[in-house]
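Residues 988 to 1308 (the working numbering) make up the sequence shown, in order.
For each residue, glycine too, the CB sits at the ideal point set by N, CA and C.
Nothing here was measured: the structure is a model prediction, and the numbers come from that model.
Have a look at the structure below before the remarks.
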Amino acid sequence: MISKKTIDIVIASDKNYLPHAETLLISIGKTNTSYQVINVHLFGNNLTQAELQSLKQLLLPYSAFQINYFSINNEKIQKLIGGGGLVGDRSLSTYARIFIPDLLESDRALYLDVDAVVNSDLAELYEIDLTGYAIAGVRDTNPVERRKNVGLKPDDIYINAGMILWNLDYCRKIHFVEQCREFIHQHNGEVDAMDQGTINGVLGKQNLIKPISPKYNAFSSIFQLTREQIEKLYHVMPYYDDSTLAEARNNPTFIHYTPNMMTRPWVEHCGHPLATRYLEYRNLTNYPLRNLDKDTRGFKQRLLSYLYNHFPTLFIKLFSK
């Protein structure tokens, strides 16, 4: 029997983020041209059977989808870690991800945040060679202190955990999950950026993270700033070259709507150049948008956002250390 070409995708959602999860999955179904089976491993926080059934019904036109549900709540995560201090409301969306190598049986998997859409077929990303690496991801844009806080040097790789390509077989061989448990306890449960900090802190110093093109996780700052501005503001040097960043802006595989000095597509005043991609897919879900959410930012936040997006050079002069 000829085996069917399969991709394993992991997402996490609670009730509040289910509309975004459905939006992401619809975008995957619409852009898939390579895979006969799409195994979606849904890490769900107290989702009801009715909500799950509604999701499965939505995806019926896309015959490749198979949904595997993992019920993971804060109490279960505490037990998986073995105690330690967690921030309750955020634990699912963060710490759940470090247990992917133990919870899945496949040799590799693609983790995707749900505040995003897939813009093209995932095969090119999913089939990247991971020989000698535990994971692959896109270098993040954040303050240098974030790297230092998890024991990394300023020039060490630190990725955005909203998209991670996992070499699960390799992670099991190096006992990745146990390393993460130890790291969390060493920090008394107070890891900067929680699971993102843990993953980078554990694997970054071992050079086990493969940096890949930003088109595979095109988060907001890639659209807002030039390479030079990113390097000056975030001290990520060298960052991706200009042509690589241009490709990410013009032909992203995964559009990640991070709230970086802007609102998201489902909120008023979103200035993201690809916001309509999200809205198109959202309106195909069980939760079509009737009205955008209110922009609840205060005056100071809006002013900083305006400077960042319209006068980035001035913003960098004022706030770059």
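Exercise for the section: With DSSP as the reference, please indicate the residues paired to K1197 in a beta bridge. Expected result: A1123
Handout entry: Own chain partners of R1214 with C-beta closer than 6 Å, once the 5 adjacent residues on each side are dropped
Key = Y1226, D1229 and L1232
Exercise for the section: Specify the secondary structure class of V1074 as computed by DSSP and reduced to three states. Expected result: With a pLDDT of 47 at V1074, under the threshold of 50, the predicted position of this residue should be treated as unreliable, though the coordinate-derived value follows. Coil at V1074, not helix or strand.
Practice task
Determine, using beta carbons only, whether V1125 and F1163 come nearer to each other than 9 Å.
Solution key: no
Problem - Among A1180, Y1157, T1118 and A1121, nearest to P1130 - alpha-carbon criterion - result: A1180
Problem - Selected residue, minimal CA-CA separation from E1234, among A1205, I1161 and R1277 - result: A1205
Practice task
Have a look at I996, Y1295 and K1308 and flag the residue whose alpha-carbon is nearest the alpha-carbon of A1110.
Solution key: I996
Practice task
Check the C-beta distance from L1266 over to L1276 and give it rounded, since I have them as a contact under 8 Å.
Solution key: 7 Å
Handout entry: Inter-stretch contact at 8 Å, needing at least 3 Cβ pairs: the region 1080 to 1096 / the region 1022 to 1042
Key = yes
Practice task
State whether the region 1196 to 1205 contacts the region 1167 to 1184, with contact taken as three or more CB pairs (one from each stretch) at a distance under 8 Å.
Solution key: no
Practice task
Taking only the alpha-carbon atoms, compute the straight-line gap between H1256 and K1281 and give it to the nearest angstrom.
Solution key: 9 Å
Exercise for the section: Please work out which residues of its chain come closer than 6 Å, Cβ to Cβ, to S1107, disregarding the five sequence neighbours upstream and downstream, and give them in chain order. Expected result: T1018 and T1240
Problem - Cβ-based burial, N1187 [other Cβ within 10 Å; buried from 16] - result: buried
Exercise for the section: Taking the CB atoms as reference points, tell me whether Y1145 and L1195 lie closer together than 9 Å. Expected result: no
Practice task
Starting from H1243, follow its DSSP beta bridges and name the residues at the other end.
Solution key: A1103 and F1206
Practice task
Compare the beta carbon distance of A1096 and L1152 with 9 Å and say whether it is the shorter of the two.
Solution key: yes
Problem - Spatial distance of T1020 from V1105 (CA atoms) - result: 13 Å
Exercise for the section: To the nearest angstrom, report how far apart P1312 and P1088 are at their CA atoms. Expected result: Outside the modelled stretch of the chain, which goes from 988 to 1308, sits residue 1312, for which no answer is possible.
Problem - Beta carbon of K1043 nearer than 9 Å to that of I1059 - result: no
Problem - Check: A1096 C-beta below 8 Å from any heavy atom of the ligand NAD - result: The ligand NAD is absent from the structure shown, which contains no ligands of any kind.
Problem - Opening and closing residue of the alpha helix (DSSP H) in which A999 lies - result: That residue, A999, is in no alpha helix (DSSP H); its beta strand (DSSP E) goes T993 to D1001.
Exercise for the section: Would you kindly check if the distance between the Cβ of A1262 and the Cβ of P1246 is under 9 Å? Expected result: no
Problem - Which of helix, strand or coil DSSP assigns to I1171 - result: helix
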